[in-house]
Each structure stands twice: as C-alpha cells, then as structure tokens.
Amino acid sequence: MHQPFPFKDLFMSKVNMTRGMVNCHAHLDRAYTLTEDIWQQAEALMEEKWILMRDIKKKHTPEKLEARISSAVDSFMQQGIIACRTHIDADSIVNMMAVEAAAKVREKYKGKFILQLVAHPLEGFLNEDATDFDKNKIDLFERACAICDVVGGLPSRDRKYGDGGRRHADILFSIAKNLNKDIDVHIDQENNPLEKDTEWFLDKAAENHMQGRITLLHAISVACQPEEDRRRIYKKMLDLGANVTVCPRAAIGMKQYKDKLAPVHNSIAPVDELLEAGINVSIGTDNISDIFIPNSNGDLFDEINLLADGVRIYNIKTLVKIATENGYKTLKI
C-alpha cells in the first residue's frame with residue numbers, strides 16, 4: 000500500500016526523537032482577531048496595517064487577550080511544540096495591558112510549556128508629528144521589557160525621522176544592556192534591495208558588545224544584495240553569534256517591488272546560504288489569523304513545508320534541526 004504523504008510522516012518521526020519543536024516567532028496578542036467585517040484590511044500594505052491595528056487593539060480586554068494567547072498555546076502543544084517566543088505589543092495604544100495579560104499566561108503554563116515574551120514597539124518611539132523621539136513611549140517600552148524575557152524592536156517604524164531607524168536601534172541596545180536581556184528584532188522585511196538595515200544593525204550590536212544576544216527576524220532583503228555583500232553580512236552574523244528566524248508564509252506574502260532589480264530569489268531570507276555559512280536559523284509562524292496573515296492557522300509544519308519549497312531544502316534532517324535544535328539555541332532553552 001502506498002504512503003499518502005511520507006514527507007510529514009518522515010519529518011514528524013524525526014521530531015518525535017527530540018524534545019519537540021519550537022515556534023521562534025509569533026504575535027499571540029493579535030492571534031484570532033480576524034473577522035469578516037475587517038477581512039479586506041488584509042489586502043493593505045504592512046505599514047498601513049500598523050495603523051489599522053490601532054482600532055483592533057482598542058477592543059482588547061485582559062480576558063480576551065488571555066483567552067486568545069492560551070488557545071494558541073494549547074494548539075502548539077497539540078502539534079508537539081514545547082516552546083514559543085511571542086512578541087507582545089507595548090505601546091501608547093494598549094499600554095501594558097497585553098504584556099500583563101501575556102505574563103499571566105506565561106505563569107499559567109509554567110512547567111508545561113515555555114512561553115517567552117518579547118516587548119514589541121509597534122508604534123515606534125517617535126512623537127505624534129514625527130519630529131523627535133517621545134520619552135513617554137520609551138519609558139513605557141522599557142517597563143514592558145522589564146516584565147518580558149526579551150527586548151523586541153522595529154527600526155523601520157521610525158525611518159520617517161532622518162536616521163530614526165538607527166536611533167530606534169540605539170534605544171533597544173540601551174534598554175537591553177540596562178536590563179541584561181537579549182534582542183529579537185524585526186529587520187529587512189520588505190524584500191527590497193534598497194533596504195540594508197541588517198548590516199548596520201549587526202555593526203551596532205558588535206559596538207554594544209551584544210555577542211550571542213541578537214536574533215534577526217525575517218532578514219528578507221539580505222537576499223536582494225549582491226553575493227559579495229551577502230557573504231560579508233554572513234561573516235558579521237557568524238562573528239556576532241546572531242540567530243536568524245524565518246517565517247515563510249509571512250515572507251512569501253510580502254508585497255513585491257516590481258520596479259527594483261536584484262539577484263533572482265524567492266521572498267525569504269537566503270536560508271540555504273545562511274546554513275552553509277554556519278548561521279543558526281530557526282523558524283516561526285508569525286501572525287495567526289489576523290489582518291497581517293489572514294490565512295494562517297498557526298501550524299508550524301505548514302511553515303516547514305513552505306520553507307522546503309521556498310529555499311529548496313528537502314533534507315529531512317536539516318528541516319527537523321531548524322524546527323528543533325536550532326530553536327533551542329535561539330530561545331536558549
């Protein structure tokens with residue numbers, strides 16, 4: 000009798016020989032917030048969704064947040080996932096509500112599931128008219144980071160203010176060093192050859208002596224760079240001991256620039272080259288059933304399946320390592 004889908008069977012049989020899988024990137028405070036009346040918002044650009052999320056977040060309650068995050072954790076446990084690192088918005092819209100709710104869920108599952116929290120500054124650190132940085136936003140974010148396990152970041156959110164992206168990064172490094180915490184940063188998400196944030200962020204991390212304490216999320220635009228530049232970036236990643244976490248569905252779903260020229264590649268970080276260079280690459284689901292990724296149900300194997308095609312890696316042992324051992328390294332568990 001033929002075997003209907005040996006790929007998943009082979010993959011899971013190897014996973015079952017490990018401690019379990021790790022979801023290295025999610026946004027569980029937003030999970031399951033998609034409804035039919037806001038479905039069309041999923042068509043918006045990423046930067047537009049940052050603004051659209053404001054109205055959605057204004058409907059948050061502690062009870063709803065705890066219920067949604069708990070549902071996601073239960074789903075992960077059923078999949079054989081033992082840990083998840085989730086970003087949680089901490090900004091002028093929700094203040095500390097989402098972080099405090101997530102912290103309760105973290106405690107609820109203690110001893111059964113590892114839930115790492117990353118404070119996420121979705122509103123950035125600029126003031127309302129984008130003329131300077133807002134101390135109140137920064138102070139709020141640092142309070143959230145004190146509760147969370149890891150410092151998050153989104154430098155591109157503050158690009159509109161001159162060198163705002165780099166100043167955003169400086170704030171992250173200052174807080175991380177003050178609290179003695181790692182950084183897990185959204186970087187180079189656009190699949191745009193003109194977006195070159197990964198390299199300067201690595202340089203700043205080295206200047207701040209953050210060796211072994213940086214995880215780069217997405218890093219899609221690295222794939223747009225010439226080979227010589229990519230190789231230089233990989234060396235900096237390796238020297239710093241940086242991790243790269245990829246979320247294939249989110250990456251493939253980015254709006255593509257048709258007016259830009261770059262080496263031919265799929266819209267995802269060059270995982271094959273990263274692994275070859277010795278970089279620790281892990282995987283995550285990213286958003287689940289929200290306006291950012293409306294068609295995600297949070298199945299980590301779906302991400303592995305898409306990763307296999309996106310970077311043409313069908314070696315089961317390699318894929319299992321990305322979903323397990325590499326995830327343990329990223330989360331330091």
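Number 332 marks the last residue of the sequence shown (numbering that gives the first Met the number 0); no jumps.
The C-beta atom is built at its ideal place from N, Cα and C for all residues, glycine as well.
Assumed close pair C246, H24 - CB separation to whole angstroms, cut-off 8 Å: 6 Å
Backbone secondary structure at F10 - three-state DSSP: helix
Simplified DSSP state of S281, which is helix, strand or coil: strand
Distance CB(I68)-CB(D28) smaller than 8 Å: yes
Selection from P3, T284, R229 and A241 that minimises the alpha carbon distance to L215: A241
Limits of the beta strand (DSSP E) - the one that M20 falls within: M20 to A25
Supposed contact pair I292 and A249 - C-beta distance, whole angstroms, cut 8 Å: 6 Å
Local conformation of G163 per DSSP, three classes: helix
Own chain, CB closer than 7 Å to S266, minus 5 neighbours either side, in chain order: N190, I219, A250, I251, M253 and Q255
Span separating the alpha-carbon of K57 from that of P120: 16 Å
Stretch pair the region 191 to 206 + the region 223 to 242: three plus CB contacts closer than 8 Å: yes
6 Å CB neighbourhood of R165 in its chain, flanking five on each side removed: none
Inside the region 103 to 174 only - alpha helix (DSSP H) runs reaching at least 4 residues: 134 to 146
Three-state secondary structure (DSSP) of I219: helix
Nearest to T32 (by Cα), restricted to the options H86, D228 and N286: N286
Where T85 sits in the DSSP three-state scheme: strand
Touch test, the region 132 to 140 against the region 97 to 116, Cβ-Cβ under 8 Å, three pairs minimum: no
Cβ-based burial, N296 [other Cβ within 10 Å; buried from 16]: exposed
Neighbour-count burial assignment, S12, 16 or more Cβ in a 10 Å radius: exposed
Beta-carbon proximity list for L273, same chain, < 8 Å, skipping 5 on both sides: Y233, M236, V243 and V280
Counted within 10 angstroms of its Cβ, other Cβ atoms place L153 as buried (16 or more) or exposed: buried
For V184, three-class secondary structure by DSSP: strand
Cβ-based neighbour list, H185, same chain, cut-off 6 Å, excluding 5 preceding and 5 following: L153 and L216
D289 versus G283: straight-line alpha-carbon distance, rounded: 16 Å
A82 beta carbon less than 8 Å from that of A118: no
Reduced DSSP category for Q93 - H, G, I as helix; E, B as strand; rest coil: A small fix is needed here, since residue 93 is Val in this sequence, not Gln. Correct three-state label for V93: coil.
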